[in-house]
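Protein chains in written order, with our numbering: chain P, 1497 to 1756; chain W, 1497 to 1756; chain H, 1497 to 1756; chain X, 1497 to 1756.
Number of protein chains: 4
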Amino acid sequence: MRILMIGDIVGNPGRKCIRDLLPKIKENYNIDFTIANCENLAGGKGINKKVINNIFTYGVDVATSGNHIWDKKEIFDFIDSETRILRPANYPVKTPGRGYHIFELNGNNIGIINLSGRVFMSDLDCPFQKASTIIEELRSQCKIILLDFHAEATSEKMALGRYLDGKASAIVGTHTHVQTSDERIFENGTGYITDIGMTGPYESILGVESEPVINNFLTQLPERFEVASGKVQFNGVVIEIEEADGKCKDIERIQDLHEF
Amino acid sequence: MRILMIGDIVGNPGRKCIRDLLPKIKENYNIDFTIANCENLAGGKGINKKVINNIFTYGVDVATSGNHIWDKKEIFDFIDSETRILRPANYPVKTPGRGYHIFELNGNNIGIINLSGRVFMSDLDCPFQKASTIIEELRSQCKIILLDFHAEATSEKMALGRYLDGKASAIVGTHTHVQTSDERIFENGTGYITDIGMTGPYESILGVESEPVINNFLTQLPERFEVASGKVQFNGVVIEIEEADGKCKDIERIQDLHEF
Amino acid sequence: MRILMIGDIVGNPGRKCIRDLLPKIKENYNIDFTIANCENLAGGKGINKKVINNIFTYGVDVATSGNHIWDKKEIFDFIDSETRILRPANYPVKTPGRGYHIFELNGNNIGIINLSGRVFMSDLDCPFQKASTIIEELRSQCKIILLDFHAEATSEKMALGRYLDGKASAIVGTHTHVQTSDERIFENGTGYITDIGMTGPYESILGVESEPVINNFLTQLPERFEVASGKVQFNGVVIEIEEADGKCKDIERIQDLHEF
Amino acid sequence: MRILMIGDIVGNPGRKCIRDLLPKIKENYNIDFTIANCENLAGGKGINKKVINNIFTYGVDVATSGNHIWDKKEIFDFIDSETRILRPANYPVKTPGRGYHIFELNGNNIGIINLSGRVFMSDLDCPFQKASTIIEELRSQCKIILLDFHAEATSEKMALGRYLDGKASAIVGTHTHVQTSDERIFENGTGYITDIGMTGPYESILGVESEPVINNFLTQLPERFEVASGKVQFNGVVIEIEEADGKCKDIERIQDLHEF
Ligand SMILES: [Fe+2]
Ligand SMILES: [Fe+2]
Ligand SMILES: [Fe+2]
Ligand SMILES: [Fe+2]
Ligand SMILES: [Fe+2]
Ligand SMILES: [Fe+2]
Ligand SMILES: [Fe+2]
Ligand SMILES: [Fe+2]
Chain P
1497 MRILMIGDIV GNPGRKCIRD LLPKIKENYN IDFTIANCEN LAGGKGINKK VINNIFTYGV
1557 DVATSGNHIW DKKEIFDFID SETRILRPAN YPVKTPGRGY HIFELNGNNI GIINLSGRVF
1617 MSDLDCPFQK ASTIIEELRS QCKIILLDFH AEATSEKMAL GRYLDGKASA IVGTHTHVQT
1677 SDERIFENGT GYITDIGMTG PYESILGVES EPVINNFLTQ LPERFEVASG KVQFNGVVIE
1737 IEEADGKCKD IERIQDLHEF
Chain W
1497 MRILMIGDIV GNPGRKCIRD LLPKIKENYN IDFTIANCEN LAGGKGINKK VINNIFTYGV
1557 DVATSGNHIW DKKEIFDFID SETRILRPAN YPVKTPGRGY HIFELNGNNI GIINLSGRVF
1617 MSDLDCPFQK ASTIIEELRS QCKIILLDFH AEATSEKMAL GRYLDGKASA IVGTHTHVQT
1677 SDERIFENGT GYITDIGMTG PYESILGVES EPVINNFLTQ LPERFEVASG KVQFNGVVIE
1737 IEEADGKCKD IERIQDLHEF
Chain H
1497 MRILMIGDIV GNPGRKCIRD LLPKIKENYN IDFTIANCEN LAGGKGINKK VINNIFTYGV
1557 DVATSGNHIW DKKEIFDFID SETRILRPAN YPVKTPGRGY HIFELNGNNI GIINLSGRVF
1617 MSDLDCPFQK ASTIIEELRS QCKIILLDFH AEATSEKMAL GRYLDGKASA IVGTHTHVQT
1677 SDERIFENGT GYITDIGMTG PYESILGVES EPVINNFLTQ LPERFEVASG KVQFNGVVIE
1737 IEEADGKCKD IERIQDLHEF
Chain X
1497 MRILMIGDIV GNPGRKCIRD LLPKIKENYN IDFTIANCEN LAGGKGINKK VINNIFTYGV
1557 DVATSGNHIW DKKEIFDFID SETRILRPAN YPVKTPGRGY HIFELNGNNI GIINLSGRVF
1617 MSDLDCPFQK ASTIIEELRS QCKIILLDFH AEATSEKMAL GRYLDGKASA IVGTHTHVQT
1677 SDERIFENGT GYITDIGMTG PYESILGVES EPVINNFLTQ LPERFEVASG KVQFNGVVIE
1737 IEEADGKCKD IERIQDLHEF
């Protein structure tokens, strides 16, 4: 099975890029199932009903997320009922929404998990322990398990990857909006990459206009950040999984540049 | 001119990798000048006289560094007299050593700057302002200016890169020990990559043994980290610069895997 | 000379408390000059023209501030012209407003400095170096120098206090909104207290309603914080200074509780 | 019942101060039970068998702790068997030692809990949820419940205090080494103070020599911190509890200064 995981889609430019490029990418890479991190989908911050529905229409099967998922209050209206949206599973119990779910495709169960790091981030439950518990629960029903680890620190990301080596099909990082070139398969068969990057404006800083970000660093005064415009980059990774045992057979980075 | 910049060299395995691979890499890529981040050179933490001299013998021309440069007290004995070692230039004035220097090669002056980020790091002087001031000073003597920005946050790194677009030949990130795949040339001719990665043990977490790092995340108790062994990865970037105007003509990532 | 320094005034309840209590406090304690931290004056976040003018009318002579000073955009309209408002002096050069100023009272020059800490706070210029530079500049004109150090970490606050012992009349901390009981006079004559506390709602968490703050800790989800109501606490410190040499002769904490 | 809680005892000077002053303080204040935070007992960092035994000999009944508890490796030899030592209860399950325990005194059960904050500190389990769970467990056996909340941020400390109002006899903060003057009894009968301070060298920065701390802030270079000498301050709080219902009837700060 070939699974496409797409890095944080940022705002309107990111969504248009998915709309325009996704069909062809899925065809070219022979994709069976598509997961996209959508925490920055609506104006760069959060998700609303309209844009997430569009994304599903464009061919995304499951939306993972991260710290920005709560930025638009509207999310609380539909996150409990929309099983295709995941939020980090290590938010406190009772948090609205779900952090993992099993999806069925051609007779195969695919377990998808979303977790957030803690280093330089919010004080959530331990992602290492949470991952163990969830995977143990999923294992009886799924051979294929994929995890979007939304985290900042490279040490925490690689540590989780190695900790879960042999227990999941692939651990894929998001959040930094910069794709890393360290994709690999660990020795027990788990695919890994520290960050799959961002799908959004190319002439930007992490998807937003450069000038206010630079000013903010220079002045330390509050600035208003807006999603940038112009060319859009597509960032993602294609993971090939052996359905018989859930092992990762291949992990390949994708970068594309789209002009409207 | 073709310049090789090498990602944080970690411990004995990293040094051996440089010793064994550097001559051939320099030949293959037609390298004129070699810069390597050496903050993790001695046992993964800091620099001592012996190992830094070895590194220069192996063919490195200039050593940049970062937060770990002070880990071995010995550094204070020679950092003032050894002009080939740079520490981040935005440490307070009066800090031992230097943060930038001009090197001469075949009649060309090459200005090398080392700076540290502040986001999730130490409270240093502003790297944006410091970079401006230093570049203004160097400009009259150097067409070619290269900057090793040792920083954690992708936003700070890309912001500095864009801020200096057109003012330096290349801005190259280090510190995360994971190479990114976002190398590019900004529109005013400055080469950029968020992180050039690490030269050190491949079966590791950022160069050190995996198990103590994983345990530290699981237990939150202090652990002793040791440089890992086994295969070694070489990470770096080749930057081609037009000598006439200092513009970046090409930036290419290098990854190699070395077994002893 | 007897100087009153008032801890962060929070919102409408804090302002009313000043209006109602300040005249009597000034009389009871024989106050010559009054300084108040006003970063939370308008709705708990920032300052606007109307509320700051009211505060001056109520008898405050100088307003210091901190990280929240920029929360209301209106501040940029008048911070350059209103010399009675100070913002932390270690913001980058060119930041609007001023970080220190000399005020004249009965033939005495009083130098007031406002600085921000860096530990767990914004990446500003070094408060230790900045304090030295400013004090050197003020010394020729002022015997009396007071510093509001708006900072989080007790180590940074006490370190600055001891660093400046003998160079200023008093170093007084703000920002944590909790008054400390460590007021003292260091051996070279500088008065010190880690934090003078907050003037605002008593039944609150740092001035804002308790429930959203508790929820935010429990859920890690965004919450909207509102200034609380009910009884109001007055927090401050009275500093007695020998005019002849600027030494601190006494430092006394004040706490009062006000019901409307 | 009258309970004495003593702020972080720092090194040899702190221990001597306890040895010399504790008997008289217990007599003067009519103390029935004594709890002391001992995370800095041995050389300012951690605990060893000898010094903790001395402290118990001097009259401390229970030792709470915090982030520094693990600094001396020796702790792992006896923390499991010594029930009078507590470490923060919100370390991951399976962490050596215990985070709460019931102590018996004259037919009364006293439940003591130790927790660590997370803001600006380690990534532990949620102290709010953990406190709820533990208190629910203790409630059936103890009317009197005391909690040492070892935390940095005033917001987190006061939030936990208010969250537990009516569920514990008192919530007492430690860790900042600076005593606050906000002791109070919340409306449902829980005593509270943000920080009870430090028992250790008075001419110091948080117990250690001032100069290296100041240098560290000025240079941002590593420094070696040593416990200071000279006069010693005693910091603590006396809590009077109604045995019938466990409510706090009085909370009084203690400060003393001891010269050898
Ligand atoms: Fe994102
Ligand atoms: Fe994110
Ligand atoms: Fe490094
Ligand atoms: Fe580093
Ligand atoms: Fe404030
Ligand atoms: Fe503040
Ligand atoms: Fe302590
Ligand atoms: Fe502590």
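Glycine included, every Cβ here is placed at the ideal spot set by N, Cα and C. None of the values given here were measured: they were computed from a predicted structure.
Can we count residue i as close to ligand 3, meaning its CB is less than 7 Å from some heavy atom?
i	result
D1678 of chain X	no
D1691 of chain W	no
Cβ of residue i versus every heavy atom of ligand 7: is any distance shorter than 7 Å?
i	result
N1544 of chain X	no
H1671 of chain X	yes
Grab the span of the beta strand (DSSP E) containing residue i for me, first residue to last.
i	result
A1655 of chain W	Here A1655 of chain W belongs to no beta strand (DSSP E); instead the alpha helix (DSSP H) covers T1650 to Y1659.
G1742 of chain W	Per DSSP, G1742 of chain W belongs to no beta strand (DSSP E) and is neither H nor E.
F1599 of chain H	Y1596 to L1601
D1644 of chain H	I1640 to H1646
P1697 of chain W	M1694 to P1697
L1611 of chain H	N1604 to S1612
V1589 of chain H	Segment: none, V1589 of chain H is in no beta strand (DSSP E) and carries neither H nor E.
A1559 of chain X	V1558 to T1560
In the DSSP output, what is residue i paired with across the bridge?
i	result
G1687 of chain P	P:A1666 and P:I1681
F1730 of chain P	P:D1752
L1500 of chain P	P:T1530 and P:V1734
V1723 of chain W	W:V1704
T1676 of chain P	W:T1676
Taking 7 Å as the cut-off, is the C-beta of residue i nearer than that to any heavy atom in ligand 8?
i	result
E1535 of chain X	yes
H1441 of chain X	Examination of residue 1441 of chain X is not possible in this model, given that chain X is present from 1497 through 1756 alone.
Looking only at its own chain, which residues have a Cβ that is under 7 Å from the Cβ of residue i, when we skip the five neighbours before and after it?
i	result
T1672 of chain H	E1648 and D1691
Y1698 of chain H	G1726, K1727, V1728, Q1729 and L1753
Leaving aside the five residues before and after residue i along the sequence, list all residues of the same chain whose C-beta is less than 8 Å from its C-beta, in chain order.
i	result
L1620 of chain P	P1584, N1586, Y1587, P1588, S1612 and R1614
L1582 of chain X	V1558, A1559, T1560, S1561, G1593, R1594, G1595, Y1596, H1597, I1608, I1609, N1610 and D1644
Beta-carbon separation of residue i and residue j under 8 Å?
i	j	result
R1658 of chain W	I1701 of chain P	yes
F1529 of chain P	I1606 of chain P	yes
E1722 of chain X	V1704 of chain X	yes
S1677 of chain H	T1676 of chain X	yes
I1551 of chain P	A1532 of chain P	yes
D1504 of chain X	T1650 of chain X	no
L1500 of chain X	K1522 of chain X	yes
Who are the near neighbours of residue i in its chain, counting only those whose CB is closer than 6 Å to its CB and skipping five residues on each side?
i	result
K1545 of chain H	F1574
E1600 of chain W	none
L1518 of chain X	Y1554 and G1555
D1839 of chain H	As displayed, chain H neither begins before 1497 nor continues past 1756, which places residue 1839 of chain H out of reach and without an answer.
G1742 of chain W	K1639, I1640 and S1665
N1526 of chain H	R1498
Provide the residue span of the alpha helix (DSSP H) that contains residue i, from first to last.
i	result
Y1554 of chain X	K1545 to Y1554
S1628 of chain H	P1623 to R1635
L1466 of chain P	Outside the shown range of chain P (1497 to 1756) lies residue 1466 of chain P, about which nothing can therefore be said.
F1574 of chain W	I1571 to F1574
D1516 of chain W	G1507 to N1524
Is residue i near ligand 5, with its Cβ less than 7 Å from a heavy atom?
i	result
D1504 of chain H	yes
I'd like to confirm something about residue i: is its beta-carbon nearer than 7 Å to some heavy atom of ligand 1, or not?
i	result
G1562 of chain P	yes
Listed from N- to C-terminal order along the chain, which residues in the region 1599-1623 of chain W have their beta-carbon within a distance smaller than 8 Å of any beta-carbon of chain C? Among the protein chains of the structure shown, namely P, W, H and X, there is no chain C.
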